[in-house]
Amino acid sequence: MSIEIQDLHVRYGEQVAVSGLSLTVPEGSCFGLLGPNGAGKSSTIRCIATTQAPTSGTIRVGGKDVATEGAAVRALLGVVPQGLAVYDGLTVQQNLRIFGGLYGLEGAKLAERVKWGLELSQLGAHATKKAVELSGGMKRRLNIAAALLHDPKILIFDEPTAGVDPQSRNHIFETVRALHAEGRTVVYTTHYMEEVEALCDRVAIVDHGKLAACDALPALLARAAPTGFHVTLKAPAPLADVRARLEAAGFDLAEVAAEGRTLESAFLELTGRGLRDAS
Ligand SMILES: Nc1ncnc2c1ncn2[C@@H]1O[C@H](COP(=O)(O)OP(=O)(O)OP(=O)(O)O)[C@@H](O)[C@H]1O
Ligand SMILES: [Mg+2]
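In terms of this note's numbering, the sequence shown opens at residue 6 and continues consecutively.
See below:
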């Protein structure tokens, strides 16, 4: 199940949020959607999720048009919104039941998925606590489970790890990784680049509502000229010499650090490399 966005525009009055965005999220990919604050990521996600109508442009989810086949699109998608969307006055279990019901689950199937949601979020011990009593990280985990109860084929996470502690962050991260490994297509938005490097195979960077780059992760990384190099000399040389020769070659050096200095290398440097029993 892929997502195809073509020439998407989103405006809020005079404010342009998305300006001619076209991109494809291939089936089975784990797709990082990156961009600075205000780049238009959440606006794009809301249009995919059918919770907001684009100003213009088309979006197809698994071949279904968001404009005309909203219900079919919503059945394919699990969207974890950036803002927490749980009912504070209801318990963890009640929240899961309500969201399951919204997706049309009932009876034994609903009970089974609520149990799955409690396991996924590891909130089983807090099932009867009201959402208002949960910590931020626990609420995030509930938010995620609630959005995935109907076992959707495509999962969209809008900054799922923002403001959570390392334990919850790790749990959320591993959850996303496992769900992707089971064959689901994932769109993942975050400001933590290391999460994207560890998780995503394809990355789009949007800026000012436009696509700045969209490529496989290794290809995208290869575009940035490196500033650090690891050079190994065939024979030992004084650090000052190496530095001087690199400078003479015209490089503007920030740091040249020596490596591989062992007691053995110091010993050999001081006593020479020739065999003693040969002399
Ligand atoms: N409901 C709204 N009404 C008016 N302007 C909005 C609305 N939602 C978003 N915007 C504006 O649209 C632009 C894009 O916002 P959006 O939330 O899509 O960006 P984002 O990439 O998700 O940013 P962030 O990383 O901060 O979540 C911003 O200038 C924002 O102020
Ligand atoms: Mg956002």
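Glycine included, C-beta positions come from ideal geometry on N, C-alpha and C.
Keep in mind that this is a model prediction, so the values were computed, not measured.
Residue i (DSSP reduced to helix, strand or coil)
| i | result |
| --- | --- |
| T276 | helix |
| F104 | helix |
| D282 | helix |
| D246 | helix |
| E9 | strand |
| L216 | strand |
| C205 | coil |
| K114 | helix |
| F256 | coil |
| A221 | strand |
| G25 | strand |
| F162 | strand |
| R65 | strand |
| T49 | helix |
| K135 | strand |
| L81 | helix |
| R16 | strand |
| T96 | strand |
| V211 | strand |
| F234 | coil |
Proximity test, residue i beta-carbon vs ligand 1 heavy atom, cut-off 7 Å
| i | result |
| --- | --- |
| N42 | yes |
| G45 | yes |
| Y193 | no |
| S61 | no |
| Y17 | yes |
| Q172 | no |
| S140 | no |
| S24 | no |
| Q87 | yes |
| S48 | yes |
Alpha-carbon spacing of residue i relative to residue j, whole angstroms
| i | j | result |
| --- | --- | --- |
| L40 | G214 | Correcting the residue type first, residue 40 is Gly in the shown sequence and not Leu. Taking the straight line from one Cα to the other gives about 9 Å. |
| T194 | S27 | 17 Å |
| V192 | R118 | 22 Å |
| G105 | A186 | 23 Å |
| V247 | S270 | 17 Å |
| A90 | N100 | 10 Å |
| P171 | H196 | 15 Å |
| A22 | V15 | 5 Å |
| Y92 | L38 | 28 Å |
| P241 | R207 | 42 Å |
| K144 | S47 | 19 Å |
| L115 | L216 | 40 Å |
| H155 | A80 | 8 Å |
| G286 | F36 | Shown here, the chain extends from 6 to 284; a query on residue 286 therefore has no answer. |
| N148 | G33 | 23 Å |
| L82 | V97 | 22 Å |
Residue i beta carbon near ligand 2 (any heavy atom closer than 7 Å)
| i | result |
| --- | --- |
| K215 | no |
| E117 | no |
| E164 | yes |
| Q98 | no |
| Q20 | no |
| Q57 | no |
Expected contact under 8 Å - CB spacing of residue i and residue j to nearest Å
| i | j | result |
| --- | --- | --- |
| G75 | T55 | 4 Å |
| R146 | I177 | 7 Å |
| E200 | L222 | The pair is not a contact, with the Cβ atoms about 12 Å apart (cut-off 8 Å). |
| C219 | A209 | 4 Å |
| G122 | A150 | 4 Å |
| V78 | V84 | Contact flag wrong, Cβ pair sits at about 10 Å. |
| I8 | I159 | 7 Å |
| V211 | A44 | 5 Å |
| G142 | S173 | 3 Å |
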